[in-house]
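K.L.:
Numbering (this note's numbering), first residue to last: 10 to 223.
(1) 8 Å is my cut-off, CB to CB: does residue 87 come that close to chain D?
(2) Got a sec? Which residues, its chain only, sit under 8 Å from residue 135 by beta carbon, not counting five neighbours each side?
(3) Hey, which unbroken runs of the alpha helix (DSSP H) at 4 residues or more fall wholly within the stretch 85-166?
(4) Terminal residues of the continuous beta strand (DSSP E) containing residue 31?
(5) Residue 66 and residue 41 look like a contact to me (Cβ under 8 Å); what is the Cβ gap, rounded to whole Å?
(6) For the structure I just gave you, are there three or more beta carbon pairs, one from the stretch 95-114 and one from the stretch 167-179, closer than 8 Å?
(7) Does the Cβ of residue 128 have 16 or more other Cβ atoms within 10 Å, making it buried, or fewer, making it exposed?
(8) What does DSSP give as the partner residues of residue 73 in its beta bridges?
(9) Just mark residue 98 as buried or exposed, buried being the case when its beta carbon has 16 or more other beta carbons within 10 Å.
(10) Does DSSP put residue 25 in a helix, a strand or coil?
(11) For residue 102, which of 94, 93, 120 has the nearest alpha-carbon?
(12) How long is the line joining the alpha carbons of residue 139 and residue 29, rounded to whole angstroms?
(13) In the DSSP assignment, what residue or residues form a beta bridge with residue 14?
(14) Leaving out five residues on either side along the sequence, give the residues of the same chain with a beta carbon under 8 Å from the beta carbon of residue 64.
(15) Where does residue 54 sit, in a helix, a strand or coil, going by DSSP?
(16) Anyone know if the C-beta pair for residue 144 and residue 118 falls short of 8 Å?
(17) From the DSSP output, in three-state form, read off residue 43 for me.
(18) In three-state DSSP terms, what is residue 179?
(19) Quick one: what's got a C-beta closer than 7 Å to residue 62's C-beta in the same chain, skipping five residues either side?
(20) Measure the alpha-carbon distance for residue 226 versus residue 53 and round it to whole angstroms.
(21) Mapping the DSSP letters down to three states, classify residue 60 as helix, strand or coil.
(22) So, is residue 142 buried or exposed, given that buried needs 16 or more other C-beta atoms within 10 angstroms?
Here it is in C-alpha cells:
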C-alpha cells in the first residue's frame with residue numbers, strides 16, 4: 010500500500026520531511042477521520058491513556074499500537090480493541106503490559122508469528138478494524154534487521170564493518186574488559202613476585218591470575 014499523505018497529531022512534521030511525503034499536522038480527530046493506517050508511538054503516562062478517541066475511525070483502519078510498555082499504560086480505547094481483530098507479537102507480554110492488558114486472552118486473534126506462517130487467517134478481517142499490539146521482543150528485531158540487510162544488499166547500499174569486540178583468547182574470561190593501552194605484559198613465571206598493577210590497569214592483573222590458574 011503506497012503512502013500518499015502523512016498526518017501527525019503533534020508538531021513533528023519536520024522530522025519526516027526526508028521521506029518526501031505530503032506531511033501535515035492535525036488533531037487526533039483529524040487522524041482518525043482521514044487515516045487508513047494509524048501508528049501510536051507515544052509517551053503517554055501510566056493512567057493517562059488512551060491517546061486515540063475511537064470516535065470516527067475509518068471502517069477498514071489498521072492501527073499499529075507500539076507505545077504501551079508498562080502496566081497501566083495504553084493508547085487505544087478498550088471499545089476499539091473489543092470491536093477489532095487484535096494480533097500481538099508476544100501474547101503473554103501484550104496481555105501484561107500492551108494494549109491487550111485491557112482484554113482477556115480469548116479476545117486476541119492469532120499472534121504475529123502464526124499470521125506470518127498462515128496469512129489466510131487474517132484475510133477475512135481485512136475490511137474491518139485491525140490492531141497490531143506490539144510490545145517488542147528480540148526475535149522480531151532480528152528478523153527486521155535481516156530484511157533490512159537483504160534490501161540494502163539488493164540496492165547496493167551501505168558498508169560492512171565489524172562493531173563487536175572478539176577476544177583473541179576464548180579461554181580468557183577477562184578479554185572483553187581489558188583496557189586497550191598496548192599489549193599486555195607476559196604472565197609472571199611461577200615463583201615470581203607480582204608487582205602491584207598500574208593504576209587504571211587493574212583488570213590486566215585479573216587477566217594474569219586467570220592465566221596462572223590454568
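All C-beta atoms in this analysis are idealised placements derived from N, C-alpha and C, irrespective of residue type, glycine included.
Quantities reported herein were computed from a predicted structural model and do not represent experimental measurements.
P.N.:
Quick answer:
(1) The chain inventory of the structure shown lacks chain D, comprising one protein chain alone.
(2) 69
(3) 87-92, 100-106, 121-126, 129-132, 147-164
(4) 31-34
(5) 5 Å
(6) no
(7) exposed
(8) 48, 141
(9) buried
(10) helix
(11) 120
(12) 27 Å
(13) 31
(14) 38, 41
(15) coil
(16) no
(17) helix
(18) coil
(19) 37, 38, 41
(20) Absent from the model: residue 226. The displayed extent of the chain is 10 to 223, so no value can be given.
(21) coil
(22) buried
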